[in-house]
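Taking our numbering, the leading residue of the first sequence gets 2, the next gets one more, and so forth.
Glycine included, each C-beta is placed from N, C-alpha and C at the ideal position.
Since we're looking at a predicted model, the values are computed, not measured.
Notes for the one structure printed next.
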Amino acid sequence: MPELPEVETMVRGIRDALTGAVLVDVAPGESRCRPICMEPDFKTIRKICRNQQVTGVRRRAKRIVIDLENSHSFVIEPRMTGLMLTQDPPTRDHLRFQWILEYMGKRASVWFWDQRGLGTLRLVSREQLAEMFAPDRLGPDALEMTVEECRERFRQTQRAVKVALLDQKVVAGIGNLYASEILHRAGIHPVRPANTLSLVKIRRLHAATAEILTEAIRYEGSTLSDGTYRNALNHDGSYQNQHRVYAKAGSRCPSCGRGTIERIVQAQRSTFYCARCQK
DNA sequence: CCCCAGTCCTGCGGGC
DNA sequence: TGCCCGCAGGACTGGG
């Protein structure tokens with residue numbers, strides 16, 4: 002499930018193939034399944050982007066942004082199972098989109114592959130892009146948020162801190178897996194109302210967010226047992242070996258060595274925590 | 001403001 | 001062994 006570290010890894014993996022290259026063409030993939038959400042339609046996308054130079058590739062929260070010289074940008078949301086690949090995809094039947102590039106006379110391709118097809122692909126103008134990423138629709142990036150922003154944002158809601166962490170308007174980039182890992186690192190109980198966190202806890206939450214996400218990027222993200230997430234070269238990430246609580250219900254807490262990892266459900270999602278470490 | 005259930009989707013694993 | 005069901009969840013929507 003691509004969250005910030007997985008999307009960052011994808012962006013780093015495809016950046017060299019795209020930046021500075023000319024997008025000579027695009028192709029709709031070979032999927033025989035229901036088409037993914039694509040806006041505008043493929044023909045219009047092709048008309049706008051053909052023969053444009055790619056000026057940059059970046060990440061915004063859990064989205065991949067590919068900028069073109071005509072000030073349009075592709076915005077890709079991988080959601081659950083979307084992947085950006087420079088190598089041949091795992092299977093050809095879930096291919097959703099192909100960018101065909103030329104740089105110094107050499108051809109290359111980047112693919113969007115998505116098993117479940119919940120991902121989205123849009124080509125937007127600069128104005129539409131600004132609208133998508135407006136502050137009232139997307140909070141600060143989890144890796145760029147300051148302690149002051151963190152305090153201010155969590156003070157404004159009495160929702161459980163875990164639920165607030167998943168709200169992309171509060172802070173952008175964290176999903177279900179890293180929310181549990183971050184709260185465990187910070188020593189904060191997931192059901193605690195966000196606005197009751199002391200300044201000390203806010204500082205710990207802020208530091209744990211940066212630490213966990215930075216570490217996960219270093220390990221190129223988490224590939225779970227469902228096996229769908231992979232980097233641009235179609236290799237597994239390895240941060241799953243560093244998980245301390247996620248999907249570990251019933252096992253001993255690796256931090257205190259005495260507590261047992263519990264599983265609860267919040268906002269219809271699983272939360273994992275150690276009641277001894279997290280107060 | 002906040003919560004909940006439902007929606008999209010595929011693959012996998014538990015239970016019978 | 002095979003089949004059905006439930007579960008996984010990111011973002012969004014509609015109702016309370």
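- Judged by DSSP secondary structure, Q267 falls within the beta strand (DSSP E) whose first and last residues are 262-267.
- Using a C-beta cut-off of 8 Å, the stretch 118-127 makes contact with the stretch 76-84, since at least three inter-stretch Cβ pairs fall below that distance.
- Residues L19, V55, V58, S74, F75 of the same chain have their beta carbon placed closer than 7 Å to that of I67, with the five preceding and five following residues left out of the count.
- Annotation for K44: the continuous alpha helix (DSSP H) segment containing it runs 43-50.
- Scanning the stretch 100-138 for uninterrupted beta strand (DSSP E) segments of 3 residues or longer gives 107-115, 121-125, listed from N- to C-terminal end.
- Residue pairing by DSSP places D17 in no beta bridge whatsoever.
- Around the C-beta of C254, 16 or more other C-beta atoms lie within 10 Å, and the residue is accordingly described as buried.
- At least 9 Å separates the beta-carbon of A209 from that of I175.
- When secondary structure is reduced to three states using DSSP, R156 falls in the helix class.
- Between the alpha carbons of T92 and T215 lies a gap of roughly 30 Å.
- Relative to Q279, the option among R13, I218, R193, L200 whose CA is nearest is R193.
- Residue range 23-28 is occupied by the beta strand (DSSP E) that includes A28.
- In the DSSP assignment, the residues bridged to C275 are I262.
- Under the three-state reduction of DSSP output, A209 falls in the helix class.
- The DSSP-derived three-state label of L166 is helix.
- By the Cβ neighbour-count rule, V246 is buried, with 16 or more other Cβ atoms within 10 Å of its own.
- Going by DSSP, I183 is part of the alpha helix (DSSP H) stretching over 177-187.
- For the options R61, D26, D42, G251, the alpha carbon positioned closest to that of C50 is the one of D26.
- Between the C-alpha atoms of I15 and K107 there is a straight-line separation of about 16 Å.
- For L86, the three-state secondary structure derived from DSSP is strand.
- When the beta-carbon positions are compared, A233 and Q88 come within less than 9 Å of each other.
- The DSSP-derived three-state label of V246 is coil.
- Pairing D142 with A62 gives a Cβ-Cβ distance under 9 Å.
- For I65, the enclosing beta strand (DSSP E) covers residues 64-69.
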